[in-house]
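Trainee: What follows is a single structure, and I will ask about it in a moment.
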Amino acid sequence: MSEINHVRNTDATTSSTPAIEIDNLSVWFGHGHDRVDAVKSANFNLPTGASFGLVGESGSGKSTILRALTGLVKTWQGTMRVNGHDLGKKRSKDFYKQVQMVFQDPYASLHPRHSVDQVLSETLSLHKFKNINDRIEKLLTDVGLGPQFRFRYPHQLSGGQRQRVAIARALAPEPSILLLDEPTSALDVSVQAEILNLLTDLREEQNLTYLMVSHNLAVVGHLCENIAVMQNGEIVEILSVEDMRELKSTHPYTQNLLQSSLGFVREEC
Amino acid sequence: MNLLEVDNLHVQFPTRSGTFDAVRGVSFSLGRERLGIVGESGSGKSLTGRAILRLIKPPGIVTADKISLEGENLLDLSERQMRKVRGQRISMVMQDPKFSLNPVMRVGEQIVEAYSQHTRASRKEAKAKAIEMLEAVSIRDSERVFRAYPHEMSGGMGQRIMIAMMLIPNPQILIADEPTSALDVSVQTQVLSIMDRLVQERGMGLVFISHDLNLVSAFCDRVLIMYGGRVVETCRADQLYNAKHPYTQGLLNSLPRLDTPVNRLQVLQRDDAWMTDNPQLDDKPDDLTQPHISKTDAETP
Ligand SMILES: Nc1ncnc2c1ncn2[C@@H]1O[C@H](COP(=O)(O)OP(=O)(O)OP(=O)(O)O)[C@@H](O)[C@H]1O
Ligand SMILES: Nc1ncnc2c1ncn2[C@@H]1O[C@H](COP(=O)(O)OP(=O)(O)OP(=O)(O)O)[C@@H](O)[C@H]1O
Ligand SMILES: [Mg+2]
Ligand SMILES: [Mg+2]
């Protein structure tokens with residue numbers, strides 16, 4: 000696909016190693032007539048400090064790409080590199096110090112019998128941090144939850160509060176790469192604004208790299224510079240956020256997606 | 000008569016430092032309409048929905064002057080009668096869809112079971128119906144999904160499966176808690192039009208909990224705005240952008256916009272007075288003699 004190569008070349012303006020390189024990645028599940036080719040030959044690169052969005056159809060393979068990167072899916076082929084290192088089938092503890100993921104489904108990603116305190120202190124002690132107490136308080140404050148939530152269990156939290164605990168847990172090891180799967184889709188817009196501002200600040204302060212899935216184009220447009228559009232397992236187009244805003248896309252699916260999102264916003268505001 | 004009337008609903012949880020009032024005196028009525036509920040995370044939206052279905056477990060405490068479904072006070076029903084209400088008259092799509100599906104049962108079996116319980120259809124009919132429902136919510140490979148387990152579904156597929164299941168009993172009221180939060184626009188449109196049809200054609204009442212203000216404004220007839228366990232404002236959905244309450248205004252200002260990018264998003268400056276001052280009820284929610292005209296100009300039956 001010519002447009003993909005084109006964008007990859009302009010991405011390579013920094014001479015240093017990219018934070019994430021995905022080359023010809025295919026991921027599948029099941030076999031026989033239940034086989035799903037969830038990701039088909041995906042290609043993209045993220046320089047360190049970049050923020051890249053994955054958008055597209057529900058079921059098109061967005062979460063699967065993130066899950067393959069974090070080692071949660073074993074059935075893949077192609078090349079994935081993080082900070083220049085080839086990824087194999089297993090991930091080391093050191094990998095999780097660099098790369099953290101916020102899952103789409105916060106309820107499933109939190110252990111039902113672990114309190115917020117346990118979740119965060121476990122992660123912090125695994126990565127050998129000191130002053131765990133202070134760090135927990137700071138993390139909770141950063142994601143807009145006060146210390147009063149520290150000893151709650153997941154079922155005692157609202158959907159958005161759980162999502163913020165999951166974000167705090169991902170930030171805890173101070174990773175350099177964050178994989179964010181619909182990080183704000185369970186949040187009301189005021190909390191969403193706080194989290195997006197926090198992510199912007201963190202990126203400025205620590206040069207973090209973000210790979211973010213979202214179906215909300217306004218959110219992707221706010222946080223990312225480039226986006227890949229997926230449909231039915233394929234990346235059909237990679238384009239810059241400026242081009243997205245100006246509806247400069249070449250693929251009919253992207254055009255349709257942009258038009259319905261923008262049309263909707265313009266008509267209603 | 001209104002389908003549902005909720006009067007002075009309270010939900011409390013005992014905590015180490017005293018009682019936590021999660022819902023504080025919520026009152027509203029629902030006709031054969033699309034009623035949106037928006038509001039801050041933790042403001043009590045989901046608990047309000049769950050309390051109506053009496054799904055809040057001890058130590059949580061629920062009280063209300065009344066929660067009446069077509070005149071019948073749900074608070075007076077036995078647990079057994081309540082189960083019938085839940086199965087047939089009021090359905091709820093929970094905020095964590097995959098969590099509400101049975102993880103060890105194939106998706107198709109779950110739909111077939113729900114359908115057979117309700118209709119006594121043969122297995123073959125039930126299966127055909129299940130496939131049809133999956134396709135209605137834009138699931139591409141319905142045969143595979145029929146045989147799959149919930150953990151094999153994407154986030155948005157889980158949501159659509161739950162919606163398909165909840166519509167099986169043909170409920171009088173559907174409470175949908177963030178039902179489309181993981182869906183892209185085109186699939187979202189599809190799912191919304193299914194719900195819309197049920198409201199328009201069968202006179203279902205829809206409670207649509209969502210944090211997507213653009214969507215609620217475009218799709219619903221009326222909106223309740225919740226803050227700190229209370230309804231702080233209600234308005235016609237198409238008037239949401241002119242809402243008066245400073246909290247509602249703050250919400251609107253914190254939206255990122257595709258067409259007008261900014262470096263930092265505005266965040267809400269919360270005010271303690273919002274916890275106590277009087278709600279603004281501009282749309283006279285109880286005056287159902289005046290049908291609510293929706294933007295589609297469709298008539299509410
Ligand atoms: N563990 C699994 N076993 C079998 N199939 C799976 C599994 N996980 C995902 N799939 C399938 O892979 C496809 C892609 O799923 P994925 O979760 O990546 O979609 P997505 O783009 O994140 O969608 P959404 O926006 O709805 O979350 C889907 O068809 C899904 O059913
Ligand atoms: N079992 C419980 N024990 C104690 N507090 C609870 C319990 N369940 C919910 N809460 C609290 O009640 C408040 C309201 O919760 P609810 O789930 O209704 O919020 P919500 O408005 O749906 O928020 P969201 O948009 O984040 O889903 C929250 O502050 C939550 O922490
Ligand atoms: Mg997903
Ligand atoms: Mg909720």
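Those protein sequence lines, which keep their order, are chains X and Z. Residue 254 in numbering that gives the first Met the number 0 sits at position 255 of the first sequence; the count goes up by one each step and never skips. Residue 40 in numbering that gives the first Met the number 0 sits at position 41 of the second sequence; the count goes up by one each step and never skips. Ideal Cβ placement from N, Cα and C applies to all residues, glycine included.
Just to confirm the assignment, what range does the alpha helix (DSSP H) spanning TYR209 (chain X) have?
Mentor: Locating residue 209 (chain X) in the first sequence gives position 210, where the first residue counts as 1. Where TYR209 (chain X) is concerned, there is no enclosing alpha helix (DSSP H), although the beta strand (DSSP E) it sits in stretches over 208-212.
Trainee: How would you list, in chain order, the residues of chain Z whose beta-carbon sits under 8 angstroms from the beta-carbon of GLU56 (chain X)?
Mentor: Locating residue 56 (chain X) in the first sequence gives position 57, counting from the first residue. Per Cβ cutoff of 8 angstroms: ASP183, SER185, VAL186.
Trainee: With a CB to CB cut of under 6 angstroms and the five nearest residues on each side skipped, what residues in its chain are close to GLN189 (chain Z)?
Mentor: On the second sequence, residue 189 (chain Z) is found 190 positions in, with the first residue counted as 1. So the list reads SER137, once near-sequence residues are dropped.
Trainee: Residues with a Cβ closer than 5 angstroms to any heavy atom of ligand 3, in chain order?
Mentor: Residues with a Cβ closer than 5 angstroms to any heavy atom of ligand 3, in chain order: X:SER62, X:GLN103, Z:SER153, Z:GLY154.
Trainee: Rounded to the nearest angstrom, how far is the Cβ of LEU138 (chain X) from that of PHE148 (chain X), given a contact under 8 angstroms?
Mentor: Mapped onto the first sequence, residue 138 (chain X) falls at position 139. Mapped onto the first sequence, residue 148 (chain X) falls at position 149. Wrong, their Cβ atoms sit about 11 angstroms apart, outside the cutoff.
Trainee: Within the same chain, show all residues whose beta-carbon is closer than 7 angstroms to that of ASP282 (chain Z), passing over the 5 residues directly before and after it, in chain order.
Mentor: Position 283 of the second sequence, counted from the start, is the residue given in the question as residue 282 (chain Z). Low per-residue confidence applies at ASP282 (chain Z): pLDDT is 49, beneath 50, and the placement is therefore not dependable, though the value from the model is reported in the following sentence. So the list reads ARG221, THR233, CYS234, ARG235, once near-sequence residues are dropped.
Trainee: Which first and last residues belong to the alpha helix (DSSP H) in which ARG195 (chain X) is found?
Mentor: Numbered from its first residue, the first sequence carries residue 195 (chain X) at position 196. Before going on, a small fix: residue 195 (chain X) reads as Leu here, not Arg. Looking at the DSSP string, the run of the alpha helix (DSSP H) that includes LEU195 (chain X) is 188-205.
Trainee: If I follow the unbroken alpha helix (DSSP H) through ASP116 (chain X), where does it start and stop?
Mentor: As a first step, residue 116 (chain X) must be located in the first sequence, where it is residue number 117. Here the alpha helix (DSSP H) through ASP116 (chain X) covers 115-125.
Trainee: Quick one: does LYS39 (chain X) have its CB under 9 angstroms from some CB of chain Z?
Mentor: The residue given as residue 39 (chain X) occupies position 40 in the first sequence. So, not an interface residue.
Trainee: Using a Cβ cut-off of 8 angstroms, pull out every chain X residue sitting near GLY155 (chain Z), in sequence order please.
Mentor: Position 156 of the second sequence, counted from the start, is the residue given in the question as residue 155 (chain Z). By Cβ distance, chain X contributes SER57, GLY58, HIS214.
Trainee: Got a sec, what are the start and stop residues for the beta strand (DSSP E) ALA217 (chain Z) sits in?
Mentor: As a first step, residue 217 (chain Z) must be located in the second sequence, where it is residue number 218. No beta strand (DSSP E) holds ALA217 (chain Z); the alpha helix (DSSP H) holding it covers 212-218.
Trainee: Below 7 angstroms CB to CB, which residues in the same chain sit around ASP285 (chain Z) once its five sequence neighbours on both sides are set aside?
Mentor: Here residue 285 (chain Z) refers to the residue found at position 286 of the second sequence. Annotation note: pLDDT 41 at ASP285 (chain Z) (below 50); position unreliable, no value reported.
Trainee: How many whole angstroms separate the CB atoms of GLU177 (chain Z) and ALA185 (chain X), which I take to be in contact at a CB cut-off of 8 angstroms?
Mentor: Mapped onto the second sequence, residue 177 (chain Z) falls at position 178. Mapped onto the first sequence, residue 185 (chain X) falls at position 186. Yes, they are in contact, since the Cβ atoms of GLU177 (chain Z) and ALA185 (chain X) sit about 7 angstroms apart, within 8 angstroms.
Trainee: Reducing DSSP to helix, strand and coil, say where LEU110 (chain Z) ends up.
Mentor: Locating residue 110 (chain Z) in the second sequence gives position 111, counting from the first residue. Per the sequence shown, the amino acid found at residue 110 (chain Z) is Ile instead of Leu. Three-state DSSP puts ILE110 (chain Z) in a helix.
Trainee: State the CB to CB distance for the pair ALA171 (chain X) and THR122 (chain X), rounded to an integer number of angstroms; the pair is presumed to be in contact (CB under 8 angstroms).
Mentor: The residue given as residue 171 (chain X) occupies position 172 in the first sequence. The residue given as residue 122 (chain X) occupies position 123 in the first sequence. Indeed, because the Cβ distance is near 4 angstroms, the residues count as touching under 8 angstroms.
Trainee: According to DSSP, is LYS243 (chain Z) helix, strand or coil?
Mentor: Translated into the one-based positions of the second sequence, residue 243 (chain Z) becomes position 244. Note: LYS243 (chain Z) maps to coil in three-state DSSP.
Trainee: Which ranges does the alpha helix (DSSP H) cover as unbroken runs of at least 4 residues, wholly within the segment 50-94 of chain Z, from first to last along the chain?
Mentor: DSSP runs (the alpha helix (DSSP H)) wholly in the segment 50-94 of chain Z: 78-83.
Trainee: Within the 9 angstroms Cβ cut-off, does LEU256 (chain X) reach chain Z?
Mentor: As a first step, residue 256 (chain X) must be located in the first sequence, where it is residue number 257. It does: the Cβ of LEU256 (chain X) has a partner Cβ on chain Z nearer than 9 angstroms.
Trainee: Would you mind listing the alpha helix (DSSP H) stretches within the segment 212-263 of chain X that are 4+ residues and don't spill past its ends, in chain order?
Mentor: Entirely contained in the segment 212-263 of chain X, the alpha helix (DSSP H) runs reaching 4 residues are, in chain order, 216-222, 240-244.
Trainee: Is it the case that the Cβ atoms of THR179 (chain Z) and GLN158 (chain Z) are separated by a distance below 9 angstroms?
Mentor: Residue 179 (chain Z) sits at position 180 when you count from the first residue of the second sequence. Residue 158 (chain Z) sits at position 159 when you count from the first residue of the second sequence. It is a contact, given that the beta carbons lie within the stated cut-off.
Trainee: Taking only beta-carbon atoms, is LEU223 (chain Z) less than 9 angstroms away from chain X?
Mentor: The sequence position of residue 223 (chain Z) within the second sequence is 224, counting from 1. Closer than 9 angstroms: no.
Trainee: Is the beta carbon of PHE145 (chain Z) less than 9 angstroms from the beta carbon of ARG105 (chain Z)?
Mentor: One-based indexing of the second sequence puts residue 145 (chain Z) at position 146. One-based indexing of the second sequence puts residue 105 (chain Z) at position 106. Yes. Within cutoff.
Trainee: Say whether chain X places a C-beta atom closer than 9 angstroms to the C-beta of ASP195 (chain Z).
Mentor: As a first step, residue 195 (chain Z) is located in the second sequence; it is residue number 196 there, counting from the start. Not one chain X Cβ lies under 9 angstroms of ASP195 (chain Z).
Trainee: Among X:VAL164, X:LEU178, X:GLY158, X:GLY159, whose alpha-carbon lies nearest the alpha-carbon of PRO146 (chain X)?
Mentor: To locate residue 146 (chain X), count along the first sequence from 1; it is residue 147. The residue with the shortest Cα to Cα distance from PRO146 (chain X) is X:VAL164.
Trainee: Beta carbon of TRP273 (chain Z), beta carbon of TYR240 (chain Z): below 9 angstroms?
Mentor: Here residue 273 (chain Z) refers to the residue found at position 274 of the second sequence. Here residue 240 (chain Z) refers to the residue found at position 241 of the second sequence. Cβ atoms of TRP273 (chain Z) and TYR240 (chain Z): not closer than 9 angstroms.
Trainee: Would you call the CB atoms of VAL186 (chain Z) and TYR148 (chain Z) closer than 9 angstroms?
Mentor: Counting from one through the second sequence, the residue named residue 186 (chain Z) turns up at place 187. Counting from one through the second sequence, the residue named residue 148 (chain Z) turns up at place 149. Going by C-beta atoms, VAL186 (chain Z) is not nearer than 9 angstroms to TYR148 (chain Z).
Trainee: Which residues does DSSP list as the beta-bridge partners of THR18 (chain Z)?
Mentor: Walking along the second sequence from the start, residue 18 (chain Z) turns up at place 19. According to DSSP, THR18 (chain Z) bridges with Z:PRO13.
Trainee: Give the DSSP-derived three-state secondary structure of ASP237 (chain Z) in the structure shown.
Mentor: Along the second sequence, read from residue 1 onward, the residue named residue 237 (chain Z) stands at position 238. Three-state result, ASP237 (chain Z): helix.
Trainee: Where does THR118 (chain Z) fall in DSSP's three states?
Mentor: Translated into positions along the second sequence, residue 118 (chain Z) becomes position 119. Helix at THR118 (chain Z).
Trainee: Is LEU68 (chain Z) buried or exposed, if buried means 16 or more other CB atoms sit within 10 Å of its CB?
Mentor: The residue you call residue 68 (chain Z) lines up with position 69 of the second sequence. Looking at its Cβ environment, which holds 16 or more other Cβ atoms inside 10 Å, LEU68 (chain Z) is buried.
Trainee: Shorter than 9 angstroms from the beta carbon of ARG244 (chain X) to some beta carbon of chain Z?
Mentor: On the first sequence, position 245 is the one that residue 244 (chain X) refers to. Judged by the 9 angstroms Cβ criterion, ARG244 (chain X) is in contact with chain Z.
Trainee: Going straight from the alpha carbon of MET161 (chain Z) to that of ASP183 (chain Z), what length do you get?
Mentor: What you label residue 161 (chain Z) is simply residue 162 of the second sequence in a count that begins at 1. What you label residue 183 (chain Z) is simply residue 184 of the second sequence in a count that begins at 1. One C-alpha to the other measures close to 16 angstroms.
Trainee: Does the beta carbon of HIS244 (chain Z) come closer than 9 angstroms to any beta carbon on chain X?
Mentor: Here residue 244 (chain Z) refers to the residue found at position 245 of the second sequence. Taking Cβ atoms only, chain X never reaches closer than 9 angstroms to HIS244 (chain Z), which makes this a no.
Trainee: Can you look up GLY41 (chain Z) in the DSSP assignment and give me helix, strand or coil?
Mentor: Within the second sequence, the letter at position 42 stands for residue 41 (chain Z). Residue state, collapsed to three classes: coil.
Trainee: How should LEU257 (chain X) be labelled, buried or exposed, when 16 other C-beta atoms within 10 angstroms of its C-beta is the threshold for buried?
Mentor: Working through the first sequence from its first residue, we reach residue 257 (chain X) at position 258. LEU257 (chain X) should be labelled buried.
Trainee: Find the residues of chain Z that neighbour LEU186 (chain X), judging by a C-beta separation of less than 9 angstroms, and give them in chain order.
Mentor: Mapped onto the first sequence, residue 186 (chain X) falls at position 187. SER40, HIS210, listed in chain order.
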